[in-house]
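Residue numbers are given in the numbering used here: position 6 of the sequence shown equals residue 72, and the series is strictly consecutive.
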Amino acid sequence: MSIENVEKYQLHFKLEQKEITDAYFYIFVRSPLSWIVPIFIPILFFVITVSDTSRSVRYSALFVIVSIVFILLVLLQILITYIYLKDVARKYNGESASLTIEDSAIVVTSLSSQGELKWTAFKKVRRIPKYILMDTTSGGMLLLPRRAFQSSSEMDNAFQFLQTRIDKT
């Protein structure tokens with residue numbers, strides 16, 4: 067059955083701990099806010115200090131210290147996020163999942179849970195190298211690994227369909 071003419075389309079896959087951690091960590095590291103904000107603040111501080119040349123020499127050491135602190139905060143944020151994601155991923159390690167794409171909703175079934183997500187529950191669909199990620203309005207994500215599809219063209223069709231369907235709502 068083609069994903070383009072959807073009445074009911076099913077995917078069956080088993081999520082591994084490494085896949086979940088990698089996907090979420092990839093999103094976190096690629097997120098513009100996780101890098102732009104901590105880098106922007108020291109640059110702004112530097113611009114403020116060099117505007118007055120008499121004080122710029124005095125404040126250069128302070129600028130270096132502030133920059134190092136913000137870089138360390140970014141690294142700490144990445145480390146804490148990675149540790150948290152490993153814990154989240156451990157919960158779903160090796161759990162078989164079944165996903166049914168229907169015209170009215172997406173039905174997700176696994177050993178630990180079962181649920182139906184209406185199309186209005188999704189904000190955005192993203193494609194990263196090995197996955198399709200669908201962001202939900204509650205802040206969660208639905209992860210579809212590439213190996214759940216029979217071919218890369220089927221994954222492309224699924225991504226286009228999901229993107230079109232989510233954009234409609």
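Every residue gets a Cβ at the ideal spot worked out from N, C-alpha and C, and that includes glycine.
Local conformation of residue i per DSSP, three classes
i    : result
D169 : coil
Y148 : helix
S133 : helix
Element boundaries [alpha helix (DSSP H), containing residue i]
i  : result
R9 : Absent from the model: residue 9. The displayed extent of the chain is 67 to 235, so no value can be given.
Segment limits, beta strand (DSSP E) that includes residue i
i    : result
P211 : 207 to 211
K196 : No beta strand (DSSP E) holds K196; DSSP gives it neither H nor E.
L183 : 180 to 184
Nearest-angstrom Cβ-Cβ length linking residue i and residue j, presumed shorter than 8 Å
i    : j    : result
L141 : V191 : 30 Å between Cβ atoms; not a contact.
I194 : A89  : 7 Å
T186 : T147 : Incorrect: roughly 28 Å between the Cβ atoms, too far for contact.
Pair within 7 Å by beta-carbon distance, residue i and residue j
i    : j    : result
S162 : T175 : no
L199 : L183 : no
F188 : T166 : no
M221 : R231 : no
Bridge-paired residues (DSSP) for residue i
i    : result
F188 : T202
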